[in-house]
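Structure first, commentary second.
2 protein chains.
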Amino acid sequence: MEESAATYDPTHYQRPSVTVDVVIFTLINQELHVLLVQRRHWPFEGYWAIPGGFINMDESLVESARRELAEETGVRDVYLEQLYTFGEVGRDPRSRVISVAYIALISADAQKIRASDESTDVRWFPVSGLPEQLAFDHDQILAYAISRLRSKLEYTTLAFQLLPELFSILELKHIYEQILGEELDKGNFYRKIKESGLLEETQLTREGRGRPTRLWRFRRDRAGEKQFVFRWREDRLSR
Amino acid sequence: MEESAATYDPTHYQRPSVTVDVVIFTLINQELHVLLVQRRHWPFEGYWAIPGGFINMDESLVESARRELAEETGVRDVYLEQLYTFGEVGRDPRSRVISVAYIALISADAQKIRASDESTDVRWFPVSGLPEQLAFDHDQILAYAISRLRSKLEYTTLAFQLLPELFSILELKHIYEQILGEELDKGNFYRKIKESGLLEETQLTREGRGRPTRLWRFRRDRAGEKQFVFRWREDRLSR
DNA sequence: AAAATAGTGTCTTTCAGACATTATAAT
DNA sequence: ATTATAATGTCTGAAAGACACTATTTT
Numbered sequence: 002m003e004e005s006a007a008t009y010d011p012t013h014y015q016r017p018s019v020t021v022d023v024v025i026f027t028l029i030n031q032e033l034h035v036l037l038v039q040r041r042h043w044p045f046e047g048y049w050a051i052p053g054g055f056i057n058m059d060e061s062l063v064e065s066a067r068r069e070l071a072e073e074t075g076v077r078d079v080y081l082e083q084l085y086t087f088g089e090v091g092r093d094p095r096s097r098v099i100s101v102a103y104i105a106l107i108s109a110d111a112q113k114i115r116a117s118d119e120s121t122d123v124r125w126f127p128v129s130g131l132p133e134q135l136a137f138d139h140d141q142i143l144a145y146a147i148s149r150l151r152s153k154l155e156y157t158t159l160a161f162q163l164l165p166e167l168f169s170i171l172e173l174k175h176i177y178e179q180i181l182g183e184e185l186d187k188g189n190f191y192r193k194i195k196e197s198g199l200l201e202e203t204q205l206t207r208e209g210r211g212r213p214t215r216l217w218r219f220r221r222d223r224a225g226e227k228q229f230v231f232r233w234r235e236d237r238l239s240r
Numbered sequence: 002m003e004e005s006a007a008t009y010d011p012t013h014y015q016r017p018s019v020t021v022d023v024v025i026f027t028l029i030n031q032e033l034h035v036l037l038v039q040r041r042h043w044p045f046e047g048y049w050a051i052p053g054g055f056i057n058m059d060e061s062l063v064e065s066a067r068r069e070l071a072e073e074t075g076v077r078d079v080y081l082e083q084l085y086t087f088g089e090v091g092r093d094p095r096s097r098v099i100s101v102a103y104i105a106l107i108s109a110d111a112q113k114i115r116a117s118d119e120s121t122d123v124r125w126f127p128v129s130g131l132p133e134q135l136a137f138d139h140d141q142i143l144a145y146a147i148s149r150l151r152s153k154l155e156y157t158t159l160a161f162q163l164l165p166e167l168f169s170i171l172e173l174k175h176i177y178e179q180i181l182g183e184e185l186d187k188g189n190f191y192r193k194i195k196e197s198g199l200l201e202e203t204q205l206t207r208e209g210r211g212r213p214t215r216l217w218r219f220r221r222d223r224a225g226e227k228q229f230v231f232r233w234r235e236d237r238l239s240r
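Those sequence lines, one after another, are chains A and B. Here this note's numbering is used: position 70 in the first sequence is 71, and no number is missing along the way. Here this note's numbering is used: position 187 in the second sequence is 188, and no number is missing along the way.
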């Protein structure tokens, strides 16, 4: 009750620990990946876990998340969004831990990313091939992060955060397919994305095996202006 | 970093306090109301605040929210949803407080609700007539709760939580209008809600001044089955 | 010329929105 | 009959979906 808060004496109450966990997504070879770290000690020794750590008393939650992100990947200035706060009693065997989970999207060309595939204890996993069982309740956190990413994709410009500065429309389509887990019609995709006015055409092209592809840039100025609704098939919402 | 968590010694870290705040919505006279409590002590003495309190070490976050809710209103078995976690450094002048905010929807016929309009320190406010300035960052929390309620209304069956067991379709429409803050077309509303298959017709009617109105029941069994998308006008999403 | 990839055009269906009409009660 | 409220019907325009077609490159 609010009354008890007003007469609050800090020494009276036991306090839980508070951590921030960051589910870090990126695209590697056009495929959606997540960064996981392997635990070295009890509990869940050897298990893969979502990177995270305790908050400092002088930093806000987002600041904590940014710090974790920088420590794990060396990347700054990325899209960060609070996902959910997990606070079941037994979720950490050591003590009562409340964990505020964040989602981070790293653009594909921010590949100054430290954590590499080679490293034994920090690694990018494709979402299609995750480890069987993660530490703590991290399976649950990760599953929720992925489902949130899917649904937000439909009514935000979030997918662009994952792309490099320049990209082709078919690459963008590919990301949507990756995350939604379903094929999209090429023509309809072209139509809709162009009508949106979110893309700026460049004079650049990229060569391939067939016809070269035109490169586009995301118009960040227009992003906030008008919410972009990318709703391909209503029934997808039911998943 | 995860490594530091593994070697964690509880005495090393200072811990913040964790509270749960519950934004409680209900319908009174067909209008959306929120429950607020008036603070008796420093800080923010005399200001209205969202009810909440410290979590206990042996209860999960939702359990804390349910307890607060029961303490404040005496109501059980309601819809509860986690809203957001607020953790700015200076949000509580007494100490570092992380607050996990929840939304509660109380059905209109659960009016065994204790807190009454008469009471001086606990009161229902219509969302159209809230106090000017709330305690702490509660303005922000409340604004966010209302906006979340609005947007969730469009793709969930959430509005039904606010209604009594039996209701007319026009009452339902009225709730949508209340929460969305805009008029809806009667015919289109009838069409859409009936197509959804979410309502079960009863043989009951209610008398009024004109033609009596048919009463319906919400089909909770179908609620999960198929996500209900109630999207009236796309441009509303931009708010 | 064939294969490969990029990009456009068009027809159909679906559905939201607007609005007119009918139904059933009280006065 | 008039008023009041409830409920249904219908027309239209916009946009999603399906799919055929054209364009530009390499081999």
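We treat Cβ as the ideally placed atom computed from N, Cα and C, and that holds for glycine.
Inset, instruction - Using a threshold of 7 Å, state whether the C-beta atoms of residue 51/B and residue 19/B are closer than that. - result: As a working note, residue 51/B is residue 50 in the second sequence. As a working note, residue 19/B is residue 18 in the second sequence. The answer is no: Cβ separation not under 7 Å.
Inset, instruction - Check each candidate in 16/B, 17/B, 34/B and name the one with the smallest Cα separation from residue 176/B. - result: Taking the second sequence and counting its residues from 1, the one referred to as residue 176/B is at position 175. It is 34/B whose Cα lies nearest to the Cα of residue 176/B.
Legend entry - Among 83/A, 27/A, 200/A, nearest to residue 1/A - alpha-carbon criterion: An answer regarding residue 1/A cannot be provided, because it is not within the stretch 2 to 240 covered by chain A.
Inset, instruction - Return yes when at least one heavy atom of the ligand ZN lies under 6 Å from the C-beta of residue 136/B, else no. - result: As presented, the structure is devoid of all ligands, the ligand ZN included, so that no description of it is given.
Legend entry - residue 29/A, enclosing beta strand (DSSP E) - first and last residue: Taking the first sequence and counting its residues from 1, one reaches residue 29/A at position 28. Segment 18-29, the beta strand (DSSP E) holding residue 29/A.
Inset, instruction - Decide yes or no for the touch test of the region 20-39 of chain B against the region 38-49 of chain A: beta carbon pairs closer than 8 Å, at least 3 of them. - result: no
Legend entry - Listed by chain order, chain B residues near residue 212/A by CB distance under 8 Å: Taking the first residue of the first sequence as position 1, residue 212/A is located at position 211. Per Cβ cutoff of 8 Å: no residues; residue 212/A is ~34 Å from chain B at best.
Legend entry - residue 203/B and residue 213/B closer than 7 Å at C-beta: Counted from its first residue, the second sequence places residue 203/B at position 202. Counted from its first residue, the second sequence places residue 213/B at position 212. No; because the gap between Cβ atoms is not below 7 Å, this pair is not in contact.
Legend entry - Beta-carbon neighbours of residue 86/B, restricted to chain A and to distances below 8 Å: As a first step, residue 86/B is located in the second sequence; it is residue number 85 there, counting from the start. By Cβ distance, chain A contributes 62, 83, 86, 101.
Inset, instruction - Give a yes or no on whether the C-beta atoms belonging to residue 181/B and residue 126/B are separated by under 7 Å. - result: In the second sequence, the residue the question calls residue 181/B occupies position 180. In the second sequence, the residue the question calls residue 126/B occupies position 125. The answer is no: Cβ separation not under 7 Å.
Legend entry - Burial state of residue 65/B, where buried means 16 or more other Cβ atoms lie within 10 Å: What you label residue 65/B is simply residue 64 of the second sequence in a count that begins at 1. Buried, by the Cβ-count rule.
Inset, instruction - Measure the Cβ-Cβ separation of residue 17/A and residue 142/A and say whether it is below 7 Å. - result: Within the first sequence, residue 17/A is the residue found at index 16, counting from 1. Within the first sequence, residue 142/A is the residue found at index 141, counting from 1. It is not a contact, given that the beta carbons lie outside the stated cut-off.
Inset, instruction - Rounded to whole angstroms, what's the CA-CA distance from residue 75/A to residue 191/A? Just pull it up for me. - result: Walking along the first sequence from the start, residue 75/A turns up at place 74. Walking along the first sequence from the start, residue 191/A turns up at place 190. In a straight line, the C-alpha of residue 75/A is about 35 Å away from that of residue 191/A.
Inset, instruction - Leaving out five residues on either side along the sequence, give the residues of the same chain with a beta carbon under 7 Å from the beta carbon of residue 85/B. - result: As a working note, residue 85/B is residue 84 in the second sequence. So the list reads 102, 145, once near-sequence residues are dropped.
Inset, instruction - Assign residue 69/A to buried or exposed, taking buried as 16 or more other Cβ atoms, counted over all protein chains shown, within 10 Å of its Cβ. - result: Position 68 of the first sequence, counted from the start, is the residue given in the question as residue 69/A. Buried, by the Cβ-count rule.
Inset, instruction - Check residue 1/A in the structure and name its three-state DSSP category. - result: Lying outside 2 to 240, the shown extent of chain A, residue 1/A is not represented and no answer is given.
Inset, instruction - Using the Cα positions of residue 61/A and residue 94/A, report the straight-line distance between them to the nearest angstrom. - result: To locate residue 61/A, count along the first sequence from 1; it is residue 60. To locate residue 94/A, count along the first sequence from 1; it is residue 93. So the alpha carbons of these two residues sit roughly 26 Å apart.
Legend entry - For residue 162/B and residue 119/B, the rounded distance between their alpha carbons: The sequence position of residue 119/B within the second sequence is 118, counting from 1. The sequence position of residue 162/B within the second sequence is 161, counting from 1. Because residue 119/B sits at a pLDDT of 48, beneath the cut-off of 50, its placement in the model cannot be relied upon, and the following sentence gives the value as read from the coordinates. In a straight line, the C-alpha of residue 119/B is about 25 Å away from that of residue 162/B.
Inset, instruction - Could you check what DSSP says for residue 155/A in three-state terms: helix, strand or coil? - result: Start at 1 with the first residue of the first sequence, and residue 155/A comes out as number 154. Coil.
Inset, instruction - Kindly identify the DSSP beta-bridge partner or partners of residue 124/B. - result: Locating residue 124/B in the second sequence gives position 123, counting from the first residue. Per DSSP, 37/B.
Inset, instruction - Check whether the Cβ atoms of residue 170/A and residue 194/A lie closer than 7 Å to each other. - result: Taking the first residue of the first sequence as position 1, residue 170/A is located at position 169. Taking the first residue of the first sequence as position 1, residue 194/A is located at position 193. Their beta carbons are under 7 Å apart, which means residue 170/A touches residue 194/A by this criterion.
Legend entry - Any C-beta of chain B under 7 Å from that of residue 17/A: In the first sequence, counting from the first residue as 1, residue 17/A sits at position 16. With 7 Å as the cut-off, residue 17/A counts as an interface residue toward chain B.
Legend entry - Sequence-distant residues of its chain with Cβ nearer than 8 Å to residue 29/A (five each side left out): Start at 1 with the first residue of the first sequence, and residue 29/A comes out as number 28. Hits under 8 Å: 109, 125, 127.
Inset, instruction - Determine the direct distance from the alpha carbon of residue 122/B to that of residue 40/B, and round the result to whole angstroms. - result: Residue mapping note: residue 40/B aligns to position 39 of the second sequence, counting from 1. Residue mapping note: residue 122/B aligns to position 121 of the second sequence, counting from 1. Taking the straight line joining both Cα atoms gives about 7 Å.
Inset, instruction - Have a look at residue 221/A and residue 134/A and give me their C-alpha separation to the nearest angstrom. - result: Within the first sequence, numbered from 1, the residue matching residue 221/A stands at position 220. Within the first sequence, numbered from 1, the residue matching residue 134/A stands at position 133. Looking at the two C-alpha atoms, the distance is approximately 38 Å.
Legend entry - Proximity winner among 80/B, 71/B, 54/B, relative to residue 14/A (alpha-carbon distances): Mapped onto the first sequence, residue 14/A falls at position 13. It is 54/B.
Legend entry - Bounding residues of the beta strand (DSSP E) (the contiguous stretch that carries residue 216/A): On the first sequence, residue 216/A is found 215 positions in, with the first residue counted as 1. Element bounds for residue 216/A: 214-219.
Legend entry - Secondary structure of residue 222/B, DSSP reduced to three states: Here residue 222/B corresponds to residue number 221 of the second sequence, with the count starting at 1. Three-state DSSP puts residue 222/B in a helix.
Legend entry - Residue range of the unbroken alpha helix (DSSP H) whose run includes residue 191/A: Translated into positions along the first sequence, residue 191/A becomes position 190. 187-197 is the span of the alpha helix (DSSP H), which, as asked, contains residue 191/A.
Legend entry - Closer than 9 Å at the beta carbon, the chain A residues around residue 59/B: Position 58 of the second sequence, counting from 1, holds the residue named residue 59/B. Within chain A, the residues near residue 59/B are 90, 97.
Legend entry - DSSP beta-bridge partners of residue 98/A: Sequence index remark: in the first sequence, residue 98/A carries index 97 (1-based). According to DSSP, which records beta bridges pairwise, residue 98/A is partnered with 18/A.
Inset, instruction - Compare the Cα-Cα distances from residue 105/A to each of 136/A, 87/A, 89/A, 63/A and report the closest residue. - result: Sequence index remark: in the first sequence, residue 105/A carries index 104 (1-based). Minimum Cα distance to residue 105/A is reached at 63/A.
Legend entry - Helix, strand or coil at residue 179/A according to DSSP, with G and I counted as helix: Numbered from 1 along the first sequence, position 178 holds the residue referred to as residue 179/A. Helix, per DSSP.
Inset, instruction - Please name the residue, chosen from 58/A, 107/A, 96/A, 90/A, that lies closest to residue 89/B on a Cα-to-Cα basis. - result: For the purposes of this step, residue 89/B is taken as residue 88 along the second sequence, with counting starting at 1. Minimum Cα distance to residue 89/B is reached at 58/A.
Legend entry - Element boundaries [beta strand (DSSP E), containing residue 164/A]: Position 163 of the first sequence holds residue 164/A. Segment: none, residue 164/A is in no beta strand (DSSP E) and carries neither H nor E.
Inset, instruction - Decide if residue 67/B is buried, meaning its Cβ has at least 16 other Cβ atoms within 10 Å, or exposed. - result: Against the second sequence, residue 67/B aligns to sequence position 66. Buried, because 16 or more other Cβ atoms sit within 10 Å of the Cβ of residue 67/B.
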